[in-house]
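Residue numbers (my numbering): 23 to 167.
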């Protein structure tokens with residue numbers, strides 16, 4: 023009986039198609055896992071910034087600017103601030119707003135368009151998909167991710 027060696031073009035195309043379908047299913051899940059990891063990283067770093075700002079407030083009776091956190095005593099964040107994981111290349115610090123008594127520190131979040139602000143009463147106004155921490159009142163319309 024005659025035995026052939028190798029695969030036909032049709033068999034190779036079917037294998038390549040199955041692999042392409044599996045990759046197509048896996049890539050969106052991978053992107054979602056990256057976003058979840060970046061959200062967790064941002065939350066942790068923002069909590070550190072919040073702790074540093076509250077410590078500064080206890081010692082100085084006013085909320086610091088973001089730049090003052092690197093020179094505050096006790097120094098909690100170190101000499102350089104952590105970079106926002108949602109900014110390409112990680113070249114940007116987290117966003118920060120203060121009114122003297124309240125603060126909000128935020129990441130642009132997934133999509134890169136998040137912002138947050140805080141008013142004199144300590145109420146936060148945040149864009150959708152913003153990761154933020156505050157010692158004020160959380161935005162009910164857009165809670166932190």
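Heads up, the beta-carbon is just placed ideally off N, CA and C, and yes, glycines get one too. Since the model is a prediction, treat every value here as computed from it, not as a measurement.
Given a cut-off of 8 angstroms on the beta-carbon distance, is the pair residue i and residue j in contact?
{"i": "residue 79", "j": "residue 90", "result": "no"}
{"i": "residue 104", "j": "residue 67", "result": "yes"}
{"i": "residue 92", "j": "residue 102", "result": "yes"}
Rounding to the nearest angstrom, what Cα-Cα distance links residue i and residue j in this structure?
{"i": "residue 95", "j": "residue 118", "result": "19 angstroms"}
{"i": "residue 44", "j": "residue 53", "result": "15 angstroms"}
{"i": "residue 39", "j": "residue 133", "result": "31 angstroms"}
{"i": "residue 161", "j": "residue 62", "result": "19 angstroms"}
{"i": "residue 124", "j": "residue 48", "result": "43 angstroms"}
{"i": "residue 109", "j": "residue 58", "result": "15 angstroms"}
{"i": "residue 107", "j": "residue 26", "result": "54 angstroms"}
Between which residues of its own chain and residue i is the CB-CB distance below 6 angstroms, once the five residues before and five after are set aside?
{"i": "residue 163", "result": "none"}
So what's residue i in DSSP terms, helix, strand or just coil?
{"i": "residue 29", "result": "coil"}
{"i": "residue 95", "result": "coil"}
{"i": "residue 64", "result": "helix"}
{"i": "residue 166", "result": "coil"}
{"i": "residue 155", "result": "strand"}
Could you name the residues of the same chain whose beta carbon sits closer than 7 angstroms to that of residue i, not counting the 5 residues immediately before and after it, in chain order?
{"i": "residue 73", "result": "98"}
{"i": "residue 69", "result": "155"}
{"i": "residue 159", "result": "144, 145 and 146"}
How many whole angstroms separate the CB atoms of residue i and residue j, which I take to be in contact at a CB cut-off of 8 angstroms?
{"i": "residue 122", "j": "residue 85", "result": "6 angstroms"}
{"i": "residue 128", "j": "residue 148", "result": "7 angstroms"}
{"i": "residue 139", "j": "residue 152", "result": "That belief does not hold up - the Cβ atoms of residue 139 and residue 152 are roughly 10 angstroms apart, past 8 angstroms."}
For residue i, is the beta carbon positioned less than 7 angstroms from some heavy atom of the ligand NAP?
{"i": "residue 34", "result": "Looking for the ligand NAP in the displayed structure turns up nothing, as the structure carries no ligands at all."}
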